[in-house]
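Engineer: Below is the structure I would like to discuss, written out as structure tokens.
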Amino acid sequence: MPDDMKTILVPTDFSALSLKALDRAIELAIPAQASILLLGIVKYPEPILMDAHSEGNWNQDMDDVFEERVEGIENRLRCLLNQPKYHQVPISAIVNRQMNTIGETIASSKADLIVMASEGATGWKEKTTGSNAERVVRYAKCPVLIIKSEEPIHYQKVLFPTDFTNTQAVRTFFELADIQKAHPHFLTINTGYLDRSFDDLKEDMAELAIDLKLESYSYAIIDAVTEEAGIIRYAKEINADVIALYTHGRTGLSHWFHGSIAEKVVNHSEVPVLTLVQN
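Pasting the structure below:
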């Protein structure tokens, strides 16, 4: 993770997976002497459901109901942080009253790293609203680590998809302390539109390995219908611990990793995903 990391942002909805993201953030914060900002978000206006026995509350001011919900989340955050396991690093908690989408709110927060849980989005949800993690990856200006399961993260095998059009992004990944300990697996996806020979790609890989001073690495070129499908399939094949992707977001252009590929991988991968914004 970033060597100069001072603040780690962790959004939470109190689910088991989001609490696992908090645990992972603590593991990263301890050696970096960083602090954690735990973020609860309440969207306003928010639909409020009443049952047949709550007739007297129908006339209650919507703002009062909203503030009661905010206070409830603040109480849950305080109770959570009273647990001794969360006393290892400085953790502050806030509730964000926001009007935008949750993903955009998280992404706009000032942090050196965002660690968040995501179960992804498929089917109709992906076509309409997508996942919060997808929007964070799209808009965030700092590295984002997406936690996909409650299993601990190891950095023994890190998958780096690349077509060598932006090797600076790969170099940036290798400045992160956890990545430096891993065995890197580089991957190029052939969707039928590669305009370079396999020999040329392998030569580029050899030059990149020299530039990164790698003593050992793995490299593969595989065929796939789409880049994201190939990345996800190969990550499963090698049992990758993390997929490292760079993205230009929606405001930039890239031959390969314009935002949508990273976002689709985040939505569908069962493997944790680390993203970096590369301008």
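Plus 639 on top of the position in the sequence shown (first one is 1) and you've got our numbering. Using N, Cα and C, we set each Cβ at its ideal position, and we do this for glycine too.
So, at 7 Å on beta carbons, what are the nonlocal neighbours of I900 in its own chain, with the 5 sequence-adjacent residues on each side left out?
Structural biologist: E866, E867
Engineer: I need the boundaries of the alpha helix (DSSP H) containing V776, first residue and last residue.
Structural biologist: 771-778
Engineer: Between the region 903-911 and the region 779-787, can you find at least three pairs of beta-carbon atoms closer than 8 Å?
Structural biologist: Judged by pairs of C-beta atoms under 8 Å, the region 779-787 touches the region 903-911, as three or more such pairs exist.
Engineer: Quick check on this structure: which residue in V734, P729, Q722 has the alpha carbon closest to the alpha carbon of G711?
Structural biologist: V734
Engineer: Express the C-alpha separation of N805 and F812 in angstroms, rounding to a whole number.
Structural biologist: 12 Å
Engineer: Return the first residue and the last residue of the beta strand (DSSP E) that F825 is part of.
Structural biologist: 822-829
Engineer: What is the rounded straight-line gap between the Cα of H726 and the Cα of K841?
Structural biologist: 48 Å
Engineer: Under the rule that 16 or more other beta-carbon atoms within 10 Å means buried, what is N771, buried or exposed?
Structural biologist: Taking all protein chains in view, the Cβ of N771 is crowded by 16 or more other Cβ atoms within 10 Å, so the residue is classified as buried.
Engineer: Going by the DSSP bridge assignment, what does T646 pair with across the sheet?
Structural biologist: S674
Engineer: Along the chain, where does the beta strand (DSSP E) that runs through K796 open and close?
Structural biologist: Residues 796-800.
Engineer: Excluding the 5 residues flanking H692 on each side, which residues of the same chain have their C-beta closer than 7 Å to its C-beta?
Structural biologist: In this prediction, H692 scores a pLDDT of 49, lower than 50, which makes its location untrustworthy; the coordinate-derived value is nonetheless stated afterwards. Here the set comprises nothing.
Engineer: Look at the alpha carbon of A860 and the alpha carbon of I871, and state the distance between them as a whole number of angstroms.
Structural biologist: Strictly speaking, residue 860 in this sequence is Ile, with Ala absent from that position. Going by the C-alpha atoms only, they are around 14 Å apart.
Engineer: Give me the Cβ distance between H822 and Q795, rounded to the nearest whole Å; I'm assuming they're in contact under 8 Å.
Structural biologist: That belief holds up - the Cβ atoms of H822 and Q795 are roughly 6 Å apart, short of 8 Å.
Engineer: Residues in its own chain within less than 7 Å of G664 by CB, not counting five upstream and five downstream?
Structural biologist: The question names Gly, but residue 664 is Ala in the sequence shown. Only I647, V649, I675, V754 meet the Cβ criterion.
Engineer: I'd like the span of the alpha helix (DSSP H) that includes Y873, first residue to last.
Structural biologist: 866-876
Engineer: Note the first and the last residue of the continuous beta strand (DSSP E) segment covering I792.
Structural biologist: Taken as a continuous stretch (DSSP letters only), I792 belongs to no beta strand (DSSP E), as it is neither H nor E.
Engineer: With a cut-off of 8 Å on the beta carbons, I'd call L913 and P782 a contact; round off their distance for me.
Structural biologist: 7 Å
Engineer: I'd like the span of the alpha helix (DSSP H) that includes S899, first residue to last.
Structural biologist: Per DSSP, the unbroken alpha helix (DSSP H) holding S899 starts and ends at 898-907.
Engineer: Give the C-beta separation of R810 and L851 to the nearest angstrom, bearing in mind that I take them to be a contact with Cβ-Cβ under 8 Å.
Structural biologist: 7 Å
Engineer: Rounding to the nearest angstrom, what Cα-Cα distance links C718 and S836 in this structure?
Structural biologist: 59 Å
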